[in-house]
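Shown next, in the form of structure tokens:
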């Protein structure tokens, strides 16, 4: 089975999709990805082929921006009507039997569903978050551009939600399937550290003010009898941060290494 997988460079949306793609590959699926250039390295490191969207614009969510500027950039990107045509062109070139679409790609969804190629929507977050997004400014803007943000529900398309149903405050009864958590790495039983450990990690996206928030949190934790593990990521410039004695700072760290001994 040949699958084309359309993905957004959005940070935390990528790992669960790669994990599911790996599971499908083990079952014999041939999977090719299409998406933003920032997703290329992570996809190719998982030994999948990848091609980049051609928009002529830079799309780098790790670059620090104000909240309005960040949301404007995301909205512009995910409502770009050319992306649907690019996905369908790639699907036909590769003779894809099915297309998996990242739920963030609202401009792609309706076009792909209309094509008649079997389509699966991948939701990496609670479905309630999707409902809230399409009901808010991002959804309003998409509608103004002629995009049917509820196309998957109207078409009764398969939407898989990588979250636990009992934790998802969904409105109504949309046609979705909760698959549960997509584990990254090997599940490990929790073992409390002798000194309580706090894991501090903010957004992968460069929302303005994150650096100041990180400093405020570090200052608040400094006098407490805890060990603090801080992962900054690409969106926060750590130069000049005041790191207290009870904290260790990492530009990047696999959270699997510390979550089992983390209290908060």
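In this note's numbering, the protein residues as written are -19 to 244. Note that the Cβ used here is the ideal one computed from N, Cα and C, for glycine as well.
Pairwise C-alpha distance: residue 137 and residue 31 | Numbered from 1 along the chain shown, position 51 holds the residue referred to as residue 31. Numbered from 1 along the chain shown, position 157 holds the residue referred to as residue 137. Residue 31 and residue 137: Cα-Cα distance of roughly 25 Å.
How is residue 139 classed by DSSP in three states: helix, strand or coil?
-> Reading the chain shown from its first residue, position 159 is the one you call residue 139. In this structure, residue 139 counts as strand in the three-state DSSP scheme.
Quick one: any contact between the region 158 to 176 and the region 122 to 131, if contact means 3 or more CB pairs under 8 Å?
-> no
Quick check: the region 210 to 224 against the region 184 to 199, are there 3 or more CB pairs under 8 Å?
-> yes
Are the beta-carbon atoms belonging to residue -16 and residue 45 less than 8 Å from one another?
-> The residue labelled residue -16 in the question sits at position 4 within the chain shown. The residue labelled residue 45 in the question sits at position 65 within the chain shown. For residue -16 and residue 45, no; Cβs fall outside 8 Å.
Alpha carbon to alpha carbon, how far is residue 63 from residue 228? Give it in angstroms, no decimals.
-> Taking the chain shown and counting its residues from 1, the one referred to as residue 228 is at position 248. Taking the chain shown and counting its residues from 1, the one referred to as residue 63 is at position 83. Using only the alpha carbons, I get a separation of about 41 Å.
Quick one: any contact between the region 38 to 58 and the region -6 to 1, if contact means 3 or more CB pairs under 8 Å?
-> no
Could you name the residues that DSSP lists as bridge partners for residue 101?
-> Taking the chain shown and counting its residues from 1, the one referred to as residue 101 is at position 121. According to DSSP, which records beta bridges pairwise, residue 101 is partnered with 81, 139.
Exposure of residue 186, with buried meaning 16 or more beta-carbon neighbours within 10 Å = On the chain shown, position 206 is the one that residue 186 refers to. Answer is buried; the Cβ neighbour count reaches 16.
Opposite residue 177 in the DSSP bridges: which residues?
-> The sequence position of residue 177 within the chain shown is 197, counting from 1. Answer by DSSP bridge pairing, in chain order: 207.
Apply the 10 Å Cβ neighbour rule to residue 171 and answer buried if 16 or more other Cβ atoms are within range, or exposed otherwise.
-> In the chain shown, the residue the question calls residue 171 occupies position 191. Its Cβ having fewer than 16 others within 10 Å, residue 171 is exposed.
For chain C, find out if any of its Cβ atoms is closer than 8 Å to the Cβ of residue 215; answer yes or no.
-> The displayed structure is made up of one protein chain only, and chain C is not part of it.
In its own chain, which residues sit with a C-beta less than 7 Å from the C-beta of residue -10, not counting the 5 before and 5 after it?
-> For this step, residue -10 is matched to residue 10 along the chain shown. Excluding positions up to five away in sequence, the list reads 41, 84.
When the distance is taken between beta carbons, is residue 22 closer than 8 Å to residue -6?
-> Within the chain shown, the letter at position 14 stands for residue -6. Within the chain shown, the letter at position 42 stands for residue 22. At a Cβ-Cβ threshold of 8 Å, residue -6 and residue 22 count as neighbours.
Nearest neighbour of residue 241, chosen from 179, 218, 199 [CA to CA] | On the chain shown, position 261 is the one that residue 241 refers to. For residue 241, the nearest C-alpha among the options comes from 179.
Quick one: measure Cβ to Cβ for residue 70 and residue 14, integer angstroms, because I've assumed they're closer than 8 Å.
-> By 1-based counting over the chain shown, the position of residue 70 is 90. By 1-based counting over the chain shown, the position of residue 14 is 34. Between residue 14 and residue 70 the Cβ distance is about 5 Å, and since that is below 8 Å, they are a contact.
Residues of its chain near residue 43, where Cβ-Cβ distance is below 7 Å and the 5 sequence neighbours each way are ignored = For the purposes of this step, residue 43 is identified with residue 63 of the chain shown, where counting begins at 1. Answer for residue 43: 186, listed in chain order.
Three-way DSSP call (helix, strand, coil) for residue 113 in this model | Locating residue 113 in the chain shown gives position 133, counting from the first residue. Of the three classes helix, strand and coil, the one that applies to residue 113 here is helix, per DSSP.
Out of 111, 11, 113, point me to the one whose CA is closest to residue 76's CA.
-> As a position in the chain shown, residue 76 is number 96, starting the count at 1. If we check each option's Cα against that of residue 76, 11 comes out closest.
Is residue 16 helix, strand or coil when you go by DSSP?
-> As a position in the chain shown, residue 16 is number 36, starting the count at 1. Three-state result, residue 16: coil.
In the structure shown, what three-state DSSP assignment does residue -18 receive?
-> Residue mapping note: residue -18 aligns to position 2 of the chain shown, counting from 1. Reduced to three states, the DSSP call for residue -18 is strand.
Would you call residue 80 buried or exposed, if buried means 16 or more other Cβ atoms sit within 10 Å of its Cβ?
-> In the chain shown, counting from the first residue as 1, residue 80 sits at position 100. Counting other Cβ atoms within 10 Å of its Cβ, residue 80 reaches 16 or more and is therefore classed as buried.
What residues are listed by DSSP as bridge partners for residue 230?
-> Looking up residue 230 in the chain shown gives position 250. According to DSSP, which records beta bridges pairwise, residue 230 is partnered with 211.
What is the DSSP secondary structure of residue 157, counted as helix, strand or coil?
-> Against the chain shown, residue 157 aligns to sequence position 177. In the structure shown, residue 157 sits in a strand (DSSP, three-state: E or B).
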